[in-house]
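Before any comments, here is the structure.
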């Protein structure tokens, strides 16, 4: 799916590392950052998660909720969150349905080999549930700071 600024954010309910679930529609009235990342505990994903962790107090001041989504299991999310001291929600999209809705499940290439995976992407969703900003093919250094300037 090709999403644009102003589109309604695709709805989802996903299990979280906290043993409950998160439903996007229940967050209407707040701004939400939904960021998709390839895999728990890998170097780039750890750097990105730690940046969100470190800047969370600044996002809290602006009433912005952070949700990280990957296809990793809840158990993997719990281990990742505990190891890195993460202070925001990690949601599990093991089926890839939400990744498909947001258009982040894409064909990739590494060393000439093609495969499918999550394209590191971030979506800022406004208080009305519409997409306010999209960052695709994210480069980790400076990304969280850029989001913070935008919100």
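In this note's numbering, the protein residues as written are 1 to 151. All residues carry an ideal CB built from backbone N, CA and C; glycine is no exception.
Which residues mark the beginning and the end of the alpha helix (DSSP H) in which residue i is found?
i: residue 148; result: 143-150
i: residue 52; result: 43-61
i: residue 81; result: 74-84
i: residue 97; result: 97-101
Hey, residue i and residue j: beta-carbon distance below 8 Å or not?
i: residue 11; j: residue 131; result: no
i: residue 79; j: residue 56; result: no
i: residue 96; j: residue 28; result: no
i: residue 174; j: residue 69; result: Any answer about residue 174 is impossible in this case: the structure gives the chain only from 1 up to 151.
i: residue 94; j: residue 71; result: yes
i: residue 59; j: residue 148; result: yes
i: residue 48; j: residue 140; result: yes
Going along the chain, which residues of its own chain have a beta-carbon closer than 7 Å to the beta-carbon of residue i, five neighbours each way excluded?
i: residue 119; result: 104, 106, 136, 137
i: residue 39; result: 45, 70, 72
i: residue 37; result: 45, 48, 68, 70, 118, 120
Across which residues does DSSP place residue i in a beta bridge pair?
i: residue 65; result: 32
i: residue 115; result: 108
i: residue 91; result: 16, 69
i: residue 5; result: BP columns for residue 5 are empty, so no partner.
Can you name the start and end residues of the beta strand (DSSP E) that residue i belongs to?
i: residue 37; result: Segment: none, residue 37 is in no beta strand (DSSP E) and carries neither H nor E.
i: residue 16; result: Residue 16 -> no beta strand (DSSP E), and no H or E assigned at all.
i: residue 214; result: The question about residue 214 has no answer here: the residues shown for the chain are numbered 1 through 151.
i: residue 132; result: 131-135
Less than 8 Å between the CB atoms is what I'm expecting for residue i and residue j, so what's the real figure, rounded?
i: residue 144; j: residue 51; result: 4 Å
i: residue 30; j: residue 65; result: 6 Å
i: residue 5; j: residue 122; result: 13 Å between Cβ atoms; not a contact.
i: residue 42; j: residue 91; result: Contact flag wrong, Cβ pair sits at about 18 Å.
i: residue 3; j: residue 102; result: 7 Å
Who are the Cβ neighbours of residue i in its own chain at under 8 Å, not counting the five residues just before and after it?
i: residue 108; result: 114, 115, 116, 117, 119
i: residue 18; result: 89
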